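Residue numbers (this note's numbering), protein chains in the order written: chain E, -16 to 96; chain C, 1461 to 1572.
C-beta atoms are modelled at their ideal positions from N, C-alpha and C, and glycine is treated no differently.
All figures in this text were calculated on a predicted structure; none of them were measured in a lab.
Written below as structure tokens is the structure these notes are about.
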């Protein structure tokens, strides 16, 4: 069964902390994405990567950075966590030629106190 | 005007009802249209996709696209409690574009 695995299901952090969210996919997909999902706002794209070491900003990149050193792994970094970054974070991947078919992880619910 | 508009609901129906979920969009460049289903505390999963105007059927589910009206629908026949989820429409313009544009989702509850 194909999988996108996110390292934590729930995470609680303090304001100002540096936070790492990890995502691993086992489908050899070229594309990987980080979204956040908030009630009333839906899914919003933070960053995506179409190849190793390549990244592009999504709709809301401010306050975030990403790293993709290996094809299967895509990390989201909150340099200095703030309370407005409390959210559900979803990682996804897709084949380069099937961008419409995203495979999502189960999400990380991050609370910043 | 938002690129994709979707009524958030919530929508509550009895088991066996026909459900209609809808999205409108403003970007004429969108070529591919998808419906994702998201169960509580899970990530979304692709339910159906289509790239042309008309209907596409898969079991109890029918996806309908009207490009002239910029309107897409998902119909669920003989709805079941297991269909209770949030349904998100999504669109992409194709080519080398990797970025899907999602609706905000409609929360559906099917009551036994």
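Inter-residue spacing [alpha-carbon to alpha-carbon] between residue 1521 of chain C and residue 1509 of chain C: 11 Å
Buried or exposed: where does residue 1517 of chain C fall if 16 or more other Cβ atoms within 10 Å of its Cβ makes it buried? exposed
By the DSSP assignment, the beta strand (DSSP E) with residue 1474 of chain C in it spans what residues? 1471 to 1474
On the premise that residue 1487 of chain C lies in contact with residue 1463 of chain C, defined as a C-beta separation below 8 Å, what is that separation, rounded to the nearest angstrom? 5 Å
Can you give me the start and stop residues for the beta strand (DSSP E) that residue 34 of chain E sits inside? Looking at the DSSP string, residue 34 of chain E is not in any beta strand (DSSP E), and its letter there is neither H nor E.
Tell me the DSSP secondary structure of residue 1491 of chain C in three-state form. coil
Output, in sequence order along the chain, the residues in the stretch 33 to 61 of chain E whose CB is closer than 9 Å to any CB in chain C. 33, 39, 41 and 42
Quick test of your reading: residue 1530 of chain C and residue 1468 of chain C, contact by CB under 8 Å. State the CB separation rounded to the nearest angstrom. At roughly 19 Å, the Cβ-Cβ gap does not stay under 8 Å, so residue 1530 of chain C and residue 1468 of chain C are not in contact.
Inspect the beta-carbon positions of residue 82 of chain E and residue 1552 of chain C and report whether they are closer than 8 Å. yes
Taking residue 1552 of chain C as the query, report the chain E residues whose CB atoms sit under 8 Å from its CB, ordered along the chain. 82 and 83
From the DSSP output, in three-state form, read off residue 48 of chain E for me. strand
Strictly below 7 Å CB to CB, what residues from chain E border residue 1558 of chain C? 14, 31, 33 and 82
Examine chain C for any beta-carbon lying closer than 8 Å to the beta-carbon of residue 89 of chain E, and answer yes or no. yes
Residue 3 of chain E versus residue 64 of chain E: straight-line alpha-carbon distance, rounded: 10 Å
Rounded to whole angstroms, what is the Cα-Cα separation between residue 51 of chain E and residue 66 of chain E? 26 Å
Which same chain residues, not among the five before or five after residue 36 of chain E, have their C-beta less than 8 Å away from its C-beta? 51 and 52
What three-state label does DSSP hand residue 1542 of chain C in the structure shown? helix
Interface partners of residue 1509 of chain C on chain E, CB under 8 Å: 83 and 84
What does residue 1572 of chain C touch in chain E if you count any residue whose Cβ is under 9 Å from its own? Under the 9 Å cutoff, chain E gives no residues; its nearest Cβ is about 26 Å from residue 1572 of chain C.
Residue environment, residue 1515 of chain C, which counts as buried when at least 16 other CB atoms sit within 10 Å: exposed
Please check the pair residue 16 of chain E and residue 1505 of chain C, which I expect to be a contact at CB under 8 Å, by giving their CB distance rounded to whole angstroms. Going by Cβ atoms, the distance from residue 16 of chain E to residue 1505 of chain C rounds to 15 Å, so no, they are not a contact pair.
Can you name the residues of chain C whose CB is closer than 9 Å to the CB of residue 93 of chain E? Those within 9 Å of residue 93 of chain E in chain C number zero; the least Cβ separation is about 14 Å.
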